[in-house]
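S.K.:
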Amino acid sequence: MAEPLPPTRRTFPGAGLAKGLAVTLRTMTKKTVTAQYPDVQPDLPPRSRGVIGLFEENCTVCMLCARECPDWCIYIDSHKETVPAAAPGGRERSRNVLDRFAIDFSLCMYCGICIEVCPFDALFWSPEFEYAETDIRELTHERDKLREWMWTVPAPPALDPGAEEPKELAAARKTADKLATAQETAAQETAAQDTAAPETPGPEGTP
């Protein structure tokens with residue numbers, strides 16, 4: 007036996023209109039939150055995905071970002087150069103030199119995979135978003151333009167008070183301390199030699 011349907015709620019004529027007017031009245035009494043863009047720039051969070059900046063010094067042309075890009079919108083060209091041996095009798099080595107690094111933002115879907123897979127921290131998100139163009143071909147940014155976006159990349163968040171110092175900073179500080187110690191030792195040795203050097207006698211008849 008089918009269960010009886012619950013009793014329907016009786017409404018008076020014009021109830022929907024009254025509810026709509028109530029919503030309108032509540033909205034009219036609230037303060038507006040309209041952002042006056044572009045006169046007032048929006049306050050974007052630091053992790054906004056606006057545009058990708060390139061830190062060229064960290065790029066080793068490993069091609070990992072271009073291979074992992076689902077849209078194939080990263081174009082990289084490079085060539086090899088031979089680096090002479092650092093010490094006599096050493097072996098020469100070859101290294102990749104970056105010739106072109108471009109991103110076509112008309113194809114990019116801002117997934118961030120290229121930034122995540124980069125093993126040398128050469129790509130970063132910038133919150134800048136004002137790079138619209140009237141010509142779609144102008145949305146392909148070459149490495150010079152990508153390098154300019156690095157100036158707009160926000161600083162990384164501060165470490166926890168009990169966190170260890172990053173290895174890069176520790177290595178850089180150790181190298182700087184070693185260089186400062188070597189320079190100080192060389193200066194002391196030079197001063198000691200100048201002090202111990204005998205005075206050269208002048209010609210006869212000169213004081």
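Just so we're aligned, residue 7 is where the sequence shown starts under the working numbering, counting upward by one. Using N, Cα and C, we set each Cβ at its ideal position, and we do this for glycine too.
I'd like the list of long-range same chain contacts for S54, defined as Cβ closer than 6 Å, with 5 residues on each side in sequence excluded.
M.R.: Here residue 54 refers to the residue found at position 48 when the sequence shown is read from its first residue. Cβ within range, chain order: P133.
S.K.: Taking buried to mean at least 16 other C-beta atoms within 10 Å of its own C-beta, is V89 buried or exposed?
M.R.: Working through the sequence shown from its first residue, we reach residue 89 at position 83. Counting Cβ neighbours within 10 Å, V89 comes out exposed, since fewer than 16 surround it.
S.K.: Specify whether the stretch 62–70 and the stretch 115–130 touch according to this definition: at least 3 beta carbon pairs, one from each stretch, less than 8 Å apart.
M.R.: Enough Cβ pairs lie closer than 8 Å, so yes.
S.K.: From V103, L113 and G59, pick the residue whose C-alpha is nearest to that of D150; which is it?
M.R.: Position 144 of the sequence shown holds residue 150. Residue G59 is the option with its Cα nearest to D150.
S.K.: Let me know the secondary structure DSSP gives D110 once reduced to three states.
M.R.: Within the sequence shown, residue 110 is the residue found at index 104, counting from 1. Note: D110 maps to strand in three-state DSSP.
S.K.: F135: buried (16+ other C-beta within 10 angstroms of its C-beta) or exposed?
M.R.: Residue 135 sits at position 129 when you count from the first residue of the sequence shown. Result: exposed.
S.K.: Taking the alpha carbon of W131 as the point to measure from, which residue in E148, G20 and P160 has its own alpha carbon closest?
M.R.: One-based indexing of the sequence shown puts residue 131 at position 125. Of the candidates E148, G20 and P160, the one whose C-alpha sits nearest the C-alpha of W131 is P160.
S.K.: Does DSSP put E87 in a helix, in a strand, or in coil?
M.R.: Taking the first residue of the sequence shown as position 1, residue 87 is located at position 81. It is a strand residue.
S.K.: Nearest to S84 by alpha carbon, out of N102, A24, A169 and G118?
M.R.: The residue you call residue 84 lines up with position 78 of the sequence shown. It is N102 whose Cα lies nearest to the Cα of S84.
S.K.: Alpha carbon to alpha carbon, how far is A21 from T35?
M.R.: One-based indexing of the sequence shown puts residue 21 at position 15. One-based indexing of the sequence shown puts residue 35 at position 29. Cα-Cα distance, rounded: 22 Å.
S.K.: Buried or exposed: which applies to C65, given that a residue is buried once 16 or more other Cβ atoms fall within 10 Å of its Cβ?
M.R.: What you label residue 65 is simply residue 59 of the sequence shown in a count that begins at 1. So C65 counts as buried.
S.K.: Could you have a look at G20 and say whether DSSP puts it in helix, strand or coil?
M.R.: Position 14 of the sequence shown, counted from the start, is the residue given in the question as residue 20. DSSP places G20 in coil when its eight states are reduced to three.
S.K.: Using only the alpha-carbon positions, how far apart do L185 and R179 sit?
M.R.: Taking the sequence shown and counting its residues from 1, the one referred to as residue 185 is at position 179. Taking the sequence shown and counting its residues from 1, the one referred to as residue 179 is at position 173. Spanning the two alpha carbons is a distance of roughly 10 Å.
S.K.: Between E62 and E190, what straight-line distance do the alpha-carbon atoms span, to the nearest angstrom?
M.R.: By 1-based counting over the sequence shown, the position of residue 62 is 56. By 1-based counting over the sequence shown, the position of residue 190 is 184. Using only the alpha carbons, I get a separation of about 34 Å.
S.K.: Taking DSSP as the reference, what is the three-state secondary structure of G26?
M.R.: Mapped onto the sequence shown, residue 26 falls at position 20. The answer is helix: DSSP assigns G26 an H, G or I state.
S.K.: Run through the DSSP bridge pairs and tell me what E80 is partnered with.
M.R.: As a working mapping, residue 80 is identified with position 74 in the sequence shown. It is worth fixing the name first, because residue 80 is Ile in this sequence and not Glu. According to DSSP, I80 bridges with I109.
S.K.: Can you name the start and end residues of the beta strand (DSSP E) that I58 belongs to?
M.R.: What you label residue 58 is simply residue 52 of the sequence shown in a count that begins at 1. Here the beta strand (DSSP E) through I58 covers V57 to L60.
S.K.: Could you have a look at L129 and say whether DSSP puts it in helix, strand or coil?
M.R.: The residue given as residue 129 occupies position 123 in the sequence shown. Here L129 sits in strand by DSSP.
S.K.: For V39, list the residues DSSP reports as bridge partners.
M.R.: Walking along the sequence shown from the start, residue 39 turns up at place 33. Beta-bridge pairing links V39 to no other residue.
S.K.: Taking 8 Å as the cut-off, decide whether the C-beta atoms of D141 and L113 are in contact.
M.R.: Looking up residue 141 in the sequence shown gives position 135. Looking up residue 113 in the sequence shown gives position 107. Taking 8 Å as the Cβ cut-off, D141 and L113 do not qualify as a contacting pair.
S.K.: So which of E87, R97, G95 and G118 has the shortest CA-CA distance to D105?
M.R.: For the purposes of this step, residue 105 is taken as the residue at position 99 of the sequence shown. The shortest C-alpha separation from D105 is found at E87.
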